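A.B. asks: Residues in the sequence shown are numbered consecutively from 7, following the working numbering.
Glycine included, every Cβ here is placed at the ideal spot set by N, Cα and C.
Note that this is a predicted model, so its numbers are computed, not measured.
My questions all concern the structure below.
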Amino acid sequence: MFDFQKLSVYQKAKTINQDIIALLAENDFDRHVKDQLKRASFSIMLNIAEGSSRFSNKDRRYFMIIARGSAFESVAN
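Right, dumping it as structure tokens:
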């Protein structure tokens with residue numbers, strides 16, 4: 007198991023991603039909306055994972071900011 011997988015924020019992002027995938031499977035959304043929501047929710051997880059691999063605080067912070075933006079993007083859809 008990688009260190010980022012132990013982070014509670016990563017676990018929450020993973021749960022959100024799974025919930026969004028289930029929501030999209032159960033409902034009839036426009037294909038563009040589906041694609042955007044899938045990508046945005048997955049991006050949260052990916053940026054947390056990538057940011058945790060960085061050595062400097064500045065680099066880690068950058069990826070966490072991007073992950074936060076993807077979370078807001080998911081909500082906005």
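Flag this pair as touching only if the stretch 39-49 and the stretch 72-80 have three or more C-beta atom pairs under 8 Å; answer yes or no.
C.D. replies: Because the criterion of three Cβ pairs below 8 Å is met, the stretch 39-49 and the stretch 72-80 touch.
A.B. asks: Three-state secondary structure (DSSP) at L13?
C.D. replies: Looking at L13 - three-state DSSP - the assignment turns out to be coil, as it is neither helix nor strand.
A.B. asks: Quick check: M51 and A19, are their CB atoms within less than 8 Å of each other?
C.D. replies: For M51 and A19, yes; Cβs fall inside 8 Å.
A.B. asks: Just how far apart, CA to CA, sit V39 and A28?
C.D. replies: About 14 Å.
A.B. asks: From G57, D65 and K64, pick the residue whose C-alpha is nearest to that of Y16; which is it?
C.D. replies: That would be G57, whose Cα lies nearest to the Cα of Y16.
A.B. asks: Within 10 Å of its beta-carbon, does N63 have 16 or more other beta-carbons around it, so buried, or fewer, so exposed?
C.D. replies: The residue is exposed, with fewer than 16 neighbouring Cβ atoms inside 10 Å.
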